[in-house]
Amino acid sequence: MKKLGELLVQEDPFEEILMGNQALVRAMIESKTRVVTSYPGSPTPEIATAIMDIPEASTPFYFEFSVNEKVATEVAFGAALNGNLSCVFFKSVGLNVALDSFVQLGLLNIIGGMVVVVGDDPGANSSQNEQDNRNIYRMAKAIVLEPASPKEAYDYYKVAARLAVAQKTMVVLRLTTHVCHARQKISFAGYKPDKGYKTDFDTKNGPYIPLTVLALEMKRLALKRTAPVLSFIQKSGLNRVKTSSDSRGKGIITSGLTWLSVLDVLEQAAFRPNILKLGFTNPLDPKVILDFLKACEQVLILEELDDILENQIKAMAYDQGLGTVIIGKTDDRDFIGEFTPDKTFDKILDTWPEMMPAQDKTKTQKFPLVAVPERPAQMCPGCGHRSAFFAVKQALKKEDITVADIGCHTLGYMPPYAVGQVLLCMGASPGIASGLSLNNTQNKVVAFLGDSTFFHAGLPGLINTIFNHHNITLIVMENGTTAMTGHQDHAGRSINIETLLKGLGIEQILTCDTYNQERLTGHIKTALGTKGISVVIARHPCMLKFTRSQQKKQGYVRKHISIDPSTCTRVHACIENFGCPSFVRNPDQSVGVNMDLCIGDGSCRPSCPEQALGFERKEE
Amino acid sequence: MKEFNIYLTGVGGQGIGLLSQTLLRGADHAGLEVIGVDTHGLAQRGGVVVSRIRCGSRVFSPLTLAHTCDLVLGMEIHEALRGMNTAMKQGGALVYMNLSWQPLPVRLNQSPEVTAQEIAAACSRFDARCIGVEPRGLADARMQNMALVGAVAKHGLIPGVSKSDYANALEDLLKGEMLTRNLDVFKRYAG
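Spelled out as structure tokens, the structure:
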């Protein structure tokens, strides 16, 4: 197989097994997308990884990681105003950050067309919630396509691009986690590369200034688009009906990955309902839906998260005076999590017991589950954040309050560190800490912020602490990368955080490497004693990234920590307080080292009061 | 083939991604229809990684129903048992790497470590074949995933997929020295 990046720009058609996120990049290229922007976030980062694998000489479009999702949306929008098809992609909660700009897009004449790819996350696999962004798409009058598989992600992007260009608008491609990350064999079409970048901005294509009266005029113009869009949707054939010869009056309306769950589960069914699979979930095409309802006595609507389809479809049926029984969400559980095959099975069985085989509950009862200890995510061996938290703990009093933020350092809330007691979203920690500090003479308040997040959304909160004289200590956890999502670049490459903080007029800025724990503890104590805003920059490169790059070098010798059994008194400070996952608790309560995990960084050594931790060299 | 489901699990950093892709491509080389998906969340940070592969003409979603997996692969002993608890089909097979990456509650002395005896007992309750793979002699922990592919090939656990199909899959995915080293481990364990 060719290198992924070379494959993606190959002009001839080809067939290959790719992930949904990767297949999407080929669709961008075939559709002649000229500008692509993003801020890294799961489940979408592999889109960027695939783009960056393309050899520079054959780069088919401009790509950037913007400083956050809002800026990424704005850059893509600006490029589209010049007449270029553009695309922005980000994670589900990234839409919250982009929202102020995003909600305007549906009102505007975007002459190049724009595709917004959002990786929604039912099941909260990697997000702080499982918000149903379809609520926002409706509010923003966005046209939405929902693919169910990698193949559909590839096909639907191309449809979205065609529609965006034809209607000079923004179209949303709504992916979900297991569509992004699924892999299957896909037949890709050929294409002819051309780099026709345009600079055709003209106010004649507007209005682009949505003030008072014009804002309403723009909304009127946007609503006029509904008829041609519905006609496009009907011609596209992506809202598909599959009629059963033995439906017994039953029908299912669904979309996205849930559709595949339905198909799987129905393999066991005694008879098959009719199925309407919606490719376009906003706006809904009333014709296909009403025709489907009329052909059924009972219709079950299967959708993940909120009752968006259900409420609209019920309203359509009511307006038409249809007698079809429409069954949607009946239970709180229906609003939570993915419609996995298991959940779909249970829902169909509950609704139509005669359709599904009775579940053999004895099957699971026969095999009592053996309890397995949980395995929460944790900081990697050698992680500078662990050293930072260990040092922070020495400096803090029990009553001090710690405010977490998003990033690998969020994991500090877990034992044994328990640093980080409240968390909202990216960049929220300086603001929350400021509120907690008001009239608070009892507790010191400490906010944590990663370096990528510092630029993403942390700066306004920080500037507010200066402007309004809040009394907090900010600890910037600087590891030089956007680590959690796979080591993407961020603005810290061009802008030094310490210099920036000095420029903001902050007087108390203390910086040190987190492995220097005594010094770091001292810095934090000094900062806590400072009135007003104080900042400690706790710096250490991401060791996962660093170790990976070291391992690729010739002659790399991996070091390991060894425990001197004659000195070790089994106080377990290393395993219980420092908590590196490389330590092993043996059945006799002695401590060992997992050689597969230990990178020999030595950051654990200060944690041992007996100095029993030393280095052992090993040839690779 | 109508349906053959595989559940793969381990700890972030153990190479489940490459393991899964090798089996997926191996099945494709053997001419099977195949779809897969990784569920990793924050797994890069030492959490649980799960991957699923489904082969056959009557499979749709990449996700699987509970206790329908013909083959469960565990890169680590705790995760092997956790995987069986949700995925193992009556009469299926387990292949697991007999090593432990202790989860936090074990290291904090709050839970006992899972043992090979518990794995064997769970397998007999499912009437499942139980194949433990010993990591000894593998200088590089990053090649442990290839030992598991080797064991799957040796015992012919995915119907219709031969040793050469897995080797071809590896040739698709890796180049140069990485390919040579991974193929060596694969062949050693495939026998």
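As they're listed, the protein sequences go chains A and B. Numbering follows the numbering used here, in which position 371 of the first sequence is assigned residue number 371; successive positions increment by one, without gaps. In the numbering used here, each number is its position in the second sequence, counted from 1, plus 1000. We treat Cβ as the ideally placed atom computed from N, Cα and C, and that holds for glycine.
With 9 angstroms set as the bound, which would you pick, yes or no: does the beta-carbon of B/I1035 sit closer than that to a beta-carbon of chain A? yes
Would a C-beta distance cut-off of 9 angstroms place A/V75 and A/V116 closer than the cut-off? no
Terminal residues of the beta strand (DSSP E) in which A/V36 lies: 35-38 is the span of the beta strand (DSSP E), which, as asked, contains A/V36.
Run of the beta strand (DSSP E) containing A/K242, from where it starts to where it stops: 240-242
Where B/G987 meets chain A, residues with beta-carbon distance less than 7 angstroms: Outside the modelled stretch of chain B, which goes from 1001 to 1191, sits residue 987 of chain B, for which no answer is possible.
I want to know whether the segment 415-424 of chain A touches the segment 462-471 of chain A - three or more CB-CB distances under 8 angstroms. Output reads no: the segment 462-471 of chain A does not touch the segment 415-424 of chain A.
Would you tell me roughly how many angstroms separate the C-alpha atoms of A/R585 and B/I1119, rounded to the nearest one? So the alpha carbons of these two residues sit roughly 20 angstroms apart.
Three or more C-beta pairs under 8 angstroms: does that hold for the segment 58-74 of chain A against the segment 21-38 of chain A? yes
Which residues in chain A sit within 9 angstroms of B/G1047, going by Cβ to Cβ distance? R375, P376, A377, Q378
Three or more C-beta pairs under 8 angstroms: does that hold for the segment 341-358 of chain A against the segment 476-485 of chain A? no
Check whether the segment 241-260 of chain A touches the segment 298-309 of chain A, taking contact to mean three or more Cβ pairs, one atom from each stretch, closer than 8 angstroms. yes
Could you check which residue in B/N1005, B/A1147, B/V1050, B/V1011 has the C-alpha nearest to that of A/P581? B/V1011
Among A/S66, A/T330, A/F292, A/P286, the one whose alpha carbon lies nearest that of A/A315: A/P286
Starting from A/S255, follow its DSSP beta bridges and name the residues at the other end. A/L278
Contact set between the segment 1072-1092 of chain B and chain A, restricted to residues whose Cβ is under 7 angstroms from the partner: H1078, L1081, R1082, N1085
For A/V165, does the three-state DSSP call read helix, strand or coil? In the structure shown, A/V165 sits in a helix (DSSP, three-state: H, G or I).
Checking 9 angstroms against the spacing of the C-beta atoms, do B/N1145 and B/L1019 come in under that value? yes
Just the C-alpha distance for A/Y154 and A/H456, rounded to the nearest angstrom, thanks. 30 angstroms
Classify A/G83: buried if its beta carbon has 16 or more other beta carbons within 10 angstroms, exposed otherwise. A/G83 should be labelled buried.
Cβ neighbour criterion (16 or more within 10 Å) applied to A/I209: exposed
DSSP three-state label for A/C180, please. helix
When you compare the CB positions of A/K559 and A/E498, do they come within less than 9 angstroms of one another, or not? Here A/K559 is not near A/E498, since their CB atoms are 9 angstroms or more apart.
Spatial distance of A/D120 from A/C408 (CA atoms): 21 angstroms
So A/I472 packs on A/P430, CB below 8 angstroms; how close in whole Å? 7 angstroms
Interface residues of chain A around B/Q1102 at Cβ under 7 angstroms? V584, R585
Closer than 9 angstroms at the beta carbon, the chain B residues around A/F90: Under the 9 angstroms cutoff, chain B gives no residues; its nearest Cβ is about 17 angstroms from A/F90.
Would you tell me roughly how many angstroms separate the C-alpha atoms of B/L1136 and A/M543, rounded to the nearest one? Per the sequence presented here, residue 1136 of chain B reads as Arg, with Leu not at that position. B/R1136 and A/M543: Cα-Cα distance of roughly 27 angstroms.
Alpha carbon to alpha carbon, how far is B/Q1117 from B/M1084? Give it in angstroms, no decimals. 14 angstroms
May I ask you to report which of helix, strand or coil DSSP gives A/M356? coil
Straight-line CA distance for A/P150 to B/E1003? 20 angstroms
Taking C-beta pairs closer than 7 angstroms, name the residues in chain A that B/F1060 reaches, listed in chain order. Under the 7 angstroms cutoff, chain A gives L260, L263, D264.
Distance CB(A/N125)-CB(A/T177) smaller than 9 angstroms: Contact: yes.
Buried or exposed: A/Y197, going by 16 or more other Cβ atoms within 10 Å of its Cβ? That one is exposed.
Would you tell me roughly how many angstroms separate the C-alpha atoms of A/K204 and A/C87, rounded to the nearest one? 23 angstroms
Where A/H540 falls, given that 16 or more other Cβ within 10 Å makes a residue buried: The residue is buried, with at least 16 neighbouring Cβ atoms inside 10 Å.
Name the DSSP bridge partner or partners of A/L510? A/V536
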